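For the working numbering, add 327 to where a residue sits in the sequence shown, where the first one is 1. Okay, so here's the structure we're looking at.
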Amino acid sequence: MLFVIGPRPCMVNVEIIYMDDAGGVFHKKLTLPSGASVGDAVSQSQLYIQYPETQQLPLGIFSKPVTTATRLREGDRIEVYRPLTIDPKQKRRERAKHAGGRNRQRG
């Protein structure tokens, strides 16, 4: 029989996501002690070992910028943001130009 003395430490379940330039996806689910930080999660995930270029990239939780000191909450998704390679408006223009008249409705 196992007895636990004192309060059990609370844990939080989080995930960390990064997509590289080639489309490769890094996605890890982690369980960390309550009070853990974004930095703790990144360290435990070994993201910086597999993708050293991510060390200088900004981080966020659900599209909101955070620092490595930000405390995690249950269900947080840590995202690693790469710089934009093309302006989104320009990309839409190029897609529309490439599509030509295929998307136009006929009257």
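Even glycine gets a Cβ: it sits at the ideal position worked out from N, Cα and C. In this text, all values refer to a predicted model and were calculated from it rather than measured experimentally.
- Would you please verify whether the beta carbon of H354 is less than 9 Å from any beta carbon of chain D? Any reference to chain D falls outside this structure, which holds one protein chain only.
- Message: Please report the distance separating the alpha-carbon of E342 from that of Y408.
- Response: Walking along the sequence shown from the start, residue 342 turns up at place 15. Walking along the sequence shown from the start, residue 408 turns up at place 81. The straight-line gap from Cα to Cα measures roughly 15 Å.
- Task: Starting from the N-terminal side, write out each stretch of the alpha helix (DSSP H) that is 4 residues or longer and does not extend beyond the region 390 to 432.
- Result: 415 to 426
- Query: If we count Cβ pairs, one from each stretch, closer than 8 Å, do we get three or more for the region 391 to 399 versus the region 358 to 367?
  - Reply: yes
- Three-state secondary structure assigned by DSSP to L329: Numbered from 1 along the sequence shown, position 2 holds the residue referred to as residue 329. Interpretation of L329 is limited by its pLDDT of 48, a score under 50 that renders its predicted location unreliable; no figure is taken from the coordinates.
- Task: Please state whether DSSP places S372 in a helix, a strand or coil.
- Result: As a first step, residue 372 is located in the sequence shown; it is residue number 45 there, counting from the start. In this structure, S372 counts as helix in the three-state DSSP scheme.
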